[in-house]
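Residue numbers (UniProt numbering): 1 to 266.
Ideal Cβ positions, reconstructed from N, Cα and C, are used throughout, including at glycine.
Everything below concerns the one structure shown next.
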Amino acid sequence: MADMNPISAWRRFLALPNENRTKTVIVAFLVSAVCALLVSGATVVLRPIQAANRAAEEQARLEALVAGIPGMTELLEQSGGSLSTVVINLPEGAAAQDVTPETLATALDDAANWTTLSPGEDTAGLGRRPDYAQIYLLRGENGDISLALLPISGAGYQAPIDAILALRGDMNTIAGLAITNQAETPGLGGRIEEPAWLAQFPGTELADATGDVRFAVAKGAAGNEYEVDGITGATNTGNAFTKIMRFWGGPEGYGPLIDAVQRGEF
């Protein structure tokens with residue numbers, strides 16, 4: 001009669017030669033199963049810690065960006081407020097109802113949450129635009145928005161340009177700008193991230209009284225309240241950045257949000 005004792009069976013298994021194919025397969029399976037259980041357990045245990053770390057890293061990046069925008073640190077200190085994170089539905093110009101900062105990445109994995117732009121619409125050279133964007137708002141004591149930080153992006157002369165545009169509460173006066181990613185020609189277009197060039201942005205206006213977005217990087221010295229000085233030898237980068245700003249300030253970008261805020265509906 002066969003010995004059905006599991007301990008005896010285990011001992012007989014261990015006694016098999018290490019070269020035994022069955023023993024090799026079973027050991028490999030057991031090791032894989034144990035490793036999978038350990039990884040799964042670690043994932044469950046560490047998930048809250050990872051979420052907290054991601055939140056802390058995001059806050060640190062935001063603070064670094066704010067510190068990099070001329071005058072922003074002082075503005076926050078004067079207001080005594082703190083920035084809040086909001087996901088907005090770009091076409092509607094309103095807070096998203098079913099997408100949060102925690103679920104934004106998952107939402108943008110879905111191609112249905114992107115809009116393909118026609119050549120006439122795609123002045124920033126994006127190809128397609130996400131329907132949701134994460135922005136940062138500073139509200140005053142009365143609840144009105146006093147500062148909005150809006151991520152913008154588009155095609156530069158050499159490579160994509162990413163930036164954070166800061167608008168004051170009127171959603172038209174530029175409070176500052178931070179370049180977060182660029183690969184333009186060093187010493188020429190690459191100078192768009194130099195503090196001296198960025199220092200021109202505060203006080204510049206995005207659109208005129210009719211709502212027409214008129215911001216531009218001039219080909220030389222700025223000639224009006226909608227322009228900043230161009231960079232010598234970097235006309236193509238300046239033109240590209242003008243298109244990026246006009247796209248995001250217009251109807252395919254943050255235009256619906258800007259209109260909603262100006263009407264007091266956000």
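Do the region 158 to 167 and the region 101 to 114 touch if we need at least three Cβ pairs shorter than 8 Å?
no
Could you give the uninterrupted runs of the alpha helix (DSSP H) lying entirely in the UniProt domain "FMN-binding" (156 to 252), keeping only those of 4 residues or more?
195 to 198 and 235 to 249
Is the separation between the beta-carbon of residue 175 and that of residue 167 shorter than 8 Å?
Here residue 175 corresponds to residue number 175 of the sequence shown, with the count starting at 1. Here residue 167 corresponds to residue number 167 of the sequence shown, with the count starting at 1. A contact, by the Cβ cut-off of 8 Å.
Using a Cβ-Cβ distance cut-off of 8 Å, determine whether residue 27 contacts chain E.
Given the protein chain composition of this structure (a single chain), no chain E is represented.
Would the region 177 to 196 and the region 232 to 247 be scored as touching if the rule is three or more Cβ pairs under 8 Å?
Result yes; three or more Cβ-Cβ pairs closer than 8 Å.
Using only alpha-carbon positions, find the residue among 91, 124, 33 and 255 that is nearest to residue 211.
Along the sequence shown, one-based indexing puts residue 211 at 211. Considering only alpha carbons, the answer is 255.
For residue 1, which residues from the same chain have a beta carbon less than 6 Å from its beta carbon, with the 5 sequence-adjacent residues on both sides left out?
Start at 1 with the first residue of the sequence shown, and residue 1 comes out as number 1. In this prediction, residue 1 has a pLDDT of 48, which is less than 50 and means its spatial position is unreliable; what the coordinates show is noted afterwards. Apart from the 5 residues on each side of it in sequence, residue 1 has no Cβ closer than 6 Å to any other Cβ in its chain.
Our contact map puts residue 133 next to residue 83 with C-beta atoms below 8 Å; I'd like the distance itself, whole angstroms only.
Counting from one through the sequence shown, the residue named residue 133 turns up at place 133. Counting from one through the sequence shown, the residue named residue 83 turns up at place 83. Between residue 83 and residue 133 the Cβ distance is about 15 Å, and since that is not below 8 Å, they are no contact.
Could you spell out the range, first to last residue, of the beta strand (DSSP E) harbouring residue 115?
Counting from one through the sequence shown, the residue named residue 115 turns up at place 115. Where residue 115 is concerned, the enclosing beta strand (DSSP E) stretches over 114 to 116.
When the Cα of residue 230 is compared with those of 150, 238 and 223, which residue comes out closest?
Your numbering for residue 230 matches position 230 in the sequence shown. In terms of CA proximity to residue 230, 238 leads the group 150, 238 and 223.
Please report the straight-line C-alpha distance between residue 147 and residue 222, rounded to a whole angstrom.
Mapped onto the sequence shown, residue 147 falls at position 147. Mapped onto the sequence shown, residue 222 falls at position 222. Going from the Cα of residue 147 to the Cα of residue 222 covers about 25 Å.
Considering just the uninterrupted stretch of the beta strand (DSSP E) at residue 85, what are its terminal residues?
Working through the sequence shown from its first residue, we reach residue 85 at position 85. Here the beta strand (DSSP E) through residue 85 covers 84 to 89.
Which runs of the beta strand (DSSP E) at least 3 residues long sit entirely within the region 94 to 151? Give them in chain order.
Within the region 94 to 151, the complete beta strand (DSSP E) runs of at least 3 residues are 114 to 116, 128 to 130 and 132 to 139.
Do you know how far the Cα of residue 19 is from the Cα of residue 31?
Taking the first residue of the sequence shown as 1, we reach residue 31 at position 31. Taking the first residue of the sequence shown as 1, we reach residue 19 at position 19. In a straight line, the C-alpha of residue 31 is about 17 Å away from that of residue 19.
Should residue 243 and residue 127 be called a contact, given that it needs their Cβ atoms to be closer than 8 Å?
For this step, residue 243 is matched to residue 243 along the sequence shown. For this step, residue 127 is matched to residue 127 along the sequence shown. If you check the CB distance, residue 243 and residue 127 do not come in under 8 Å.
For residue 150, which residues from the same chain have a beta carbon less than 6 Å from its beta carbon, with the 5 sequence-adjacent residues on both sides left out?
Locating residue 150 in the sequence shown gives position 150, counting from the first residue. Contacts found: 135, 165 and 254.
Would residue 247 and residue 124 qualify as a contact pair, given that the criterion is a beta-carbon distance under 8 Å?
Locating residue 247 in the sequence shown gives position 247, where the first residue counts as 1. Locating residue 124 in the sequence shown gives position 124, where the first residue counts as 1. Result yes, Cβ atoms of residue 247 and residue 124 sit closer than 8 Å.
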